[in-house]
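Presented below is the structure to which this report refers.
Residue numbers (our numbering): 79 to 377.
Here's what the structure looks like:
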């Protein structure tokens, strides 16, 4: 993808580009119109040449990953219907409901409030809202099975954001008791904390495995303790240098093979220990090792 046109849309609305409120919030003077922002950006890109594209990827990380899931089918069907190949990549956007883990009700209540504040229901795929409360449709396990567009799920089964922000606040002493573990690359995690993280991983993998099988769906699920990949060189193109590969394949290679239909690539690392994959190399040394790996891998 080195010679592709790439557009980065800054996340700015708090609703995964799905809000649509006519009135201005009188208390904050904010407008909740993420869906209109998304549509305006798409109109601008179409006018600048995207309407002539043959190959198109919609991708996003974290809340942008969730936005990708919410907009994936409508993007393909309504915005670039004439493109020959359209696919979506959700990077670290698979936020679990995890009913068996602490905080399940709080997670559901939070997403319900987000949907209500931003009036998102009309922007969420009706394939989901016709079956359940719209707030539950922000949990990707309730969305993915109905997505018709080829989708790549890129995740850590020890996702830092979910563990730190969506699970540990509801355990014992909450986040303060976990700071030494979750903020210091896992070196100070005790056995109880590791067991809870492993329970999260088990639930995460089970949730993915309970999805309907799809030959068009790619999947790269690893055990590095991270959140977000595509926007970070060390977590995508150069994930080899960070020791984050599956089946001797980097994240970038897996996505490339999947997008161009060379390999479906559906792999989950079943190792049950989280790994610190953060590189301590200087930028120059890291880049040199990355280039060396790419050149060696071509041979």
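A virtual CB, placed ideally from N, CA and C, is assigned to each residue, including glycine. All of these numbers come straight from a predicted model, not from anything done at the bench.
For residue j and residue i, the rounded distance between their alpha carbons
i	j	result
residue 250	residue 189	23 Å
residue 368	residue 268	34 Å
residue 102	residue 196	11 Å
residue 259	residue 271	8 Å
residue 254	residue 275	16 Å
residue 236	residue 246	13 Å
residue 231	residue 216	15 Å
residue 288	residue 223	10 Å
residue 96	residue 370	42 Å
residue 219	residue 240	15 Å
residue 119	residue 86	11 Å
residue 374	residue 304	27 Å
residue 302	residue 353	5 Å
residue 121	residue 130	13 Å
residue 209	residue 193	16 Å
residue 127	residue 160	13 Å
residue 293	residue 337	12 Å
residue 157	residue 82	18 Å
residue 91	residue 366	38 Å
residue 108	residue 350	44 Å
residue 221	residue 340	26 Å
residue 104	residue 361	47 Å
Limits of the unbroken alpha helix (DSSP H) element including residue i
i	result
residue 334	329 to 337
residue 269	269 to 287
residue 230	It is not in any alpha helix (DSSP H) - residue 230 instead sits in the beta strand (DSSP E) that spans 229 to 234.
residue 124	112 to 125
residue 255	253 to 260
Close Cβ partners of residue i (< 6 Å) along its chain, the five nearest in sequence each way excluded
i	result
residue 143	168, 169, 170 and 171
residue 99	110 and 197
residue 124	none
residue 145	94, 95 and 138
residue 162	132
residue 116	95
residue 166	136, 146, 150, 227 and 229
Enclosing beta strand (DSSP E) for residue i [first to last residue]
i	result
residue 307	Element bounds for residue 307: n/a, residue is neither H nor E.
residue 93	Neither: residue 93 is in no beta strand (DSSP E) and is coded neither H nor E.
residue 398	Examination of residue 398 is not possible in this model, given that the chain is present from 79 through 377 alone.
residue 217	Here residue 217 belongs to no beta strand (DSSP E), and DSSP marks it neither H nor E.
residue 297	296 to 300
residue 346	344 to 346
Proximal residues to residue i (C-beta, below 7 Å), its chain only, five neighbours per side dropped
i	result
residue 151	203, 225, 226 and 227
residue 89	141 and 142
residue 113	95, 96, 97, 98 and 201
residue 377	Reliability of the predicted coordinates at residue 377 is poor, the pLDDT of 47 falling under 50, and no value is obtained from them.
residue 176	182 and 281
residue 154	164 and 227
residue 309	139
Residue i beta carbon near the ligand COA (any heavy atom closer than 8 Å)
i	result
residue 107	Here there are no bound small molecules, and the ligand COA is not part of this structure.
Cutoff 8 Å; reference residue i; Cβ partners in own chain excluding five residues on either side
i	result
residue 256	242, 246, 249 and 271
residue 348	283
Should the segment 326 to 339 be regarded as contacting the segment 257 to 266, the criterion being three or more beta carbon pairs within less than 8 Å?
-> Inter-segment contact for the segment 326 to 339 and the segment 257 to 266 is absent: fewer than three beta-carbon pairs are separated by less than 8 Å.
Ranges of the alpha helix (DSSP H) found wholly within the segment 145 to 212, counting only runs of at least 4 = Secondary structure within the segment 145 to 212: the alpha helix (DSSP H) runs of 4 or more consecutive residues, fully enclosed, are 182 to 196 and 204 to 207 (chain order).
Is there contact here, the segment 294 to 306 with the segment 335 to 350, by at least three beta-carbon pairs under 8 Å?
-> Put simply, the segment 294 to 306 touches the segment 335 to 350. At least three CB pairs are less than 8 Å apart.
The segment 180 to 188 in contact with the segment 147 to 164 per 3-pair CB rule at 8 Å = Segment contact: the segment 180 to 188 against the segment 147 to 164, fewer than three CB-CB distances shorter than 8 Å; contact not assigned.
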